[in-house]
Amino acid sequence: MPAIKSSTDLRNNYNEISTFCHTYREPVFITKNGRGDLAVMSIETYEQLTGRLELYGLLQEGMDDVATGRARPFNETMDQLTEKYSV
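Numbering (our numbering), first residue to last: 182 to 268.
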């Protein structure tokens, strides 16, 4: 169940909301005049979320490369890297 607080709660109970976000690592949804307005989360949770989004984007690029034939077999790539970087 998502945590939902009013903008007044955010103003009056900031420390409680901050503690919740850090403890449970999930956002708190803030309402203004009874309607959704903001999502508040800890920096750690935000960084984890943006990291996941970046990873998903990179995975999609890889899947697109495979689908369009812009990929090479793993063994071929490893052989080329070994040859290039061997002393």
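Think of the CB as a built atom: it goes at the ideal place given N, C-alpha and C, for glycine as much as any other residue.
Can you give the Cα-Cα distance for residue i and residue j, rounded to whole angstroms?
i       : j       : result
Asn-196 : Lys-213 : 19 Å
Gly-232 : Ser-223 : 14 Å
Cys-202 : Asn-256 : 45 Å
Arg-206 : Lys-186 : 16 Å
Leu-234 : Asp-260 : 31 Å
Glu-242 : Pro-254 : 16 Å
Asp-246 : Leu-239 : 11 Å
Ile-198 : Met-244 : 40 Å
Leu-191 : Ile-211 : 7 Å
Leu-230 : Ala-248 : 27 Å
Asn-194 : Leu-236 : 35 Å
Gly-217 : Glu-228 : 23 Å
Pro-183 : Ala-252 : 42 Å
Can you look up residue i in the DSSP assignment and give me helix, strand or coil?
i       : result
Ser-188 : helix
Asn-194 : coil
Met-182 : coil
Throw me the rounded Cβ distance for the residue i and residue j pair, which I believe falls under 8 Å.
i       : j       : result
Pro-208 : Thr-189 : Pro-208 to Thr-189, Cβ: 18 Å. No contact.
Q.
For a minimum of 3 consecutive residues, which ranges assigned as the beta strand (DSSP E) are wholly contained in the segment 199-257?
A. 209-213, 216-221
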